[in-house]
Every structure is written in C-alpha cells, then in structure tokens.
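Enquirer: Below you will find the structure I want to go over with you.
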Amino acid sequence: YLVSKYTHIHRAFITLDKLCWSRITLSGNVDLYPHSFIRDGNDKQTVEVEVDASAGKDKLSAKVTSGITDLLVLMFTGSAFHGYIHDEYMTLPEVTDRVLLTSVDLAYTFKPISLRPPADAIKLEFSIPENFTHGSVWNGDAVMICTRNGTLDIFSQDESASVQATLYKMGQRVITENVGVDSIVYKLPNKHYILVNMNYIGVGNT
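The structure is reproduced here in structure tokens:
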C-alpha cells in the first residue's frame with residue numbers, strides 16, 4: 002500500500018513479534034478461566050517483511066524472514082566438544098560429555114516473491130495463491146511449526162562433537178523440509194553458571 006501510493010517511497014518494512022499466552026487454571030478447578038492469561042514461555046516468534054519497489058511501482062517484490070528468539074533449552078548429557086584444532090592458543094580441554102544450556106535464536110529467509118500492485122491504492126488488496134507449495138512463504142505457520150519441532154528434535158537427540166555441528170544439522174533439516182526457505186541462521190550461545198569461591202568472606206556457595 003505505502004510503496005504503491007507514494008512516489009517517493011520505494012521500500013517498506015514491517016516487523017511483528019508473536020508471544021505465547023495460555024489461559025489460567027484456577028486452584029481447585031480443572032477448567033480454564035475465560036479471560037485471564039499467563040505468559041507461556043519466554044520464546045517468541047518473529048517475522049520481518051520488506052516490500053521493494055525500487056525496480057518500479059509495477060514490479061513489487063517482497064522478502065520475508067521469520068524466526069524464533071529466546072528459546073531456552075537444557076540437556077544434562079549427550080553434548081560434547083572435541084576433535085578441534087590444537088595449537089599454541091588452545092586453552093580449552095576436550096570433553097566428551099557435558100551439560101548444555103543455550104538460548105536458541107534462529108531466522109530463516111524465504112525466497113523472494115513478486116507482488117501485484119493494488120488496483121486501487123486506497124484499498125488494501127491481498128490474495129494468497131490457492132495452490133501454494135508446502136514449505137513456501139504462503140505456508141508460514143506450518144514452516145514455523147516444522148522449524149521449531151525440528152530444532153528441538155535435533156537438540157535432544159543429536160550427539161555431535163560440537164554445538165556447531167548440531168546447529169548445522171538443524172539448519173540443514175529446515176532447508177530440506179521446506180522448499181521455500183532460501184537460507185537460515187542459528188545462534189546457540191553457551192550459557193555458563195560458574196560457582197564463585199566466596200570462602201574469603203566467610204560465605205559458602207552451596
């Protein structure tokens with residue numbers, strides 16, 4: 002609408018975040034309360050859309066990037082870090098089994114799509130193709146579910162030699178199962194909770 006209506010605007014950007022809310026169950030009652038909700042988890046779904054008219058007002062294109070942020074996951078065993086290069090700068094010892102706690106951030110970009118300019122700039126016209134391909138940008142909800150489930154499956158079951166190898170398999174699965182996804186980026190930073198020796202001030206850390 003904006004890039005079609007105004008001659009000086011050639012790009013428009015839209016960003017949306019989706020949070021998960023669940024109905025509250027009151028004490029001693031199995032029924033869900035009709036109008037009270039609680040935030041269900043810290044993770045959120047994201048989508049960014051860029052509509053581009055730089056090639057001409059009659060040649061609109063769109064790029065859609067979806068993702069998940071702040072997906073906190075933990076495993077007590079089955080994670081490792083070994084087989085990497087050893088040189089004079091290496092200080093981290095190899096480990097074949099460890100605790101892994103991380104907050105997953107991921108973003109996948111769909112292949113660009115062409116858009117028809119609205120016949121009337123005052124009206125908001127938008128249509129979804131009837132026979133869209135599974136895993137395409139028009140199948141966004143299913144792609145999001147597939148991506149989240151695949152990420153959690155591989156995180157739980159994969160016993161790679163590194164987190165890097167695990168996230169590579171995650172991205173590989175998403176692209177393989179969703180033909181419309183052009184690229185994907187994962188971030189799995191290690192979250193460490195290290196004990197601090199407080200004995201010097203007479204405080205135990207237990």
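Under the numbering used here, the sequence shown is numbered contiguously, ending at residue 207. Just so it is clear, CB atoms sit at the ideal spot from N, CA and C, and this is done for glycine as well.
1. For R149, which of K6, L73, M91, V204 has the nearest alpha-carbon?
2. Among W139, G79, L61, which has the Cα closest to the Cα of S5?
3. Taking the alpha-carbon of D71 as reference, which of I185, E95, D106 has the nearest alpha-carbon?
4. May I have the straight-line CA-CA distance separating I15 from S37, to the nearest angstrom?
5. Report the partner residues of R12 according to the DSSP bridge assignment.
6. Restricting to Cα atoms, I'd like to know which of R40, P35, T26, D59 is closest to P119.
7. Which of the three DSSP states, helix, strand or coil, is assigned to D44?
8. Would K45 pass as a contact of L20 if the rule is Cβ separation under 7 angstroms?
9. With three or more C-beta pairs closer than 8 angstroms as the rule, is the segment 131 to 147 touching the segment 170 to 181?
10. So, at 6 angstroms on beta carbons, what are the nonlocal neighbours of S80 in its own chain, with the 5 sequence-adjacent residues on each side left out?
11. Note the first and the last residue of the continuous alpha helix (DSSP H) segment covering D88.
12. Judging by CA-CA distance, which residue of K64, Y90, L153 is the nearest neighbour of K170?
13. Between which residues of its own chain and D41 is the CB-CB distance below 7 angstroms, once the five residues before and five after are set aside?
14. With 16 other CB atoms within 10 Å as the buried threshold, where does F111 fall?
15. Could you give the distance in angstroms between the alpha-carbon of G181 and the alpha-carbon of I69?
16. In the structure shown, what three-state DSSP assignment does I202 receive?
17. DSSP three-state label for I146, please.
18. Does the distance from the C-beta atom of P113 to that of K64 stay below 7 angstroms?
19. So the candidates are F156, A13, E89; which of them puts its Cα closest to the Cα of Y187?
20. Within its chain, find whatever has a CB closer than 7 angstroms to the CB of L168; leave out the 5 residues flanking it on each side and keep chain order.
Expert: This is what the structure gives:
1. On the sequence shown, position 148 is the one that residue 149 refers to. Per the Cα distances, L73.
2. Mapped onto the sequence shown, residue 5 falls at position 4. From the listed residues W139, G79, L61, the smallest Cα separation to S5 is found for L61.
3. The count along the sequence shown starts at 1 and reaches residue 71 at position 70. Of the listed residues, the one whose Cα sits closest to D71 is D106.
4. In the sequence shown, residue 15 corresponds to position 14, counting from 1. In the sequence shown, residue 37 corresponds to position 36, counting from 1. If I take the Cα positions, the gap works out to 29 angstroms.
5. For the purposes of this step, residue 12 is taken as residue 11 along the sequence shown, with counting starting at 1. Partner(s): D53.
6. For the purposes of this step, residue 119 is taken as residue 118 along the sequence shown, with counting starting at 1. Here the closest residue by C-alpha is D59.
7. For this step, residue 44 is matched to residue 43 along the sequence shown. In this structure, D44 counts as strand in the three-state DSSP scheme.
8. The residue labelled residue 45 in the question sits at position 44 within the sequence shown. The residue labelled residue 20 in the question sits at position 19 within the sequence shown. With contacts defined by Cβ atoms closer than 7 angstroms, K45 and L20 form a contacting pair.
9. Contact between the segment 170 to 181 and the segment 131 to 147 is present: 3 or more CB-CB pairs across the two stretches fall below 8 angstroms.
10. Within the sequence shown, residue 80 is the residue found at index 79, counting from 1. Result list for S80: R99, L101, in chain order.
11. For the purposes of this step, residue 88 is identified with residue 87 of the sequence shown, where counting begins at 1. Neither: D88 is in no alpha helix (DSSP H) and is coded neither H nor E.
12. As a first step, residue 170 must be located in the sequence shown, where it is residue number 169. The closest CA to that of K170, considering only K64, Y90, L153, is found on L153.
13. In the sequence shown, the residue the question calls residue 41 occupies position 40. If you ignore the 5 residues before and after D41, its C-beta comes within less than 7 angstroms of the C-beta of C21, W22, S23, all in its own chain and listed in chain order.
14. Here residue 111 corresponds to residue number 110 of the sequence shown, with the count starting at 1. F111 comes out buried.
15. The residue you call residue 181 lines up with position 180 of the sequence shown. The residue you call residue 69 lines up with position 68 of the sequence shown. When only Cα atoms are considered, G181 and I69 end up about 17 angstroms apart.
16. Stepping through the sequence shown from its first residue, residue 202 is reached at position 201. I202 falls in the helix class under three-state DSSP.
17. In the sequence shown, residue 146 corresponds to position 145, counting from 1. I146: helix per DSSP, three-state reduction.
18. Here residue 113 refers to the residue found at position 112 when the sequence shown is read from its first residue. Here residue 64 refers to the residue found at position 63 when the sequence shown is read from its first residue. In this structure, K64 lies closer than 7 angstroms to P113 by Cβ.
19. Position 186 of the sequence shown, counted from the first residue, corresponds to residue 187. Among F156, A13, E89, the Cα nearest to that of Y187 belongs to F156.
20. As a first step, residue 168 must be located in the sequence shown, where it is residue number 167. Leaving aside the five residues that flank L168 on each side, the residues in its chain whose CB is nearer than 7 angstroms to its CB run, in chain order, Y187, L189.
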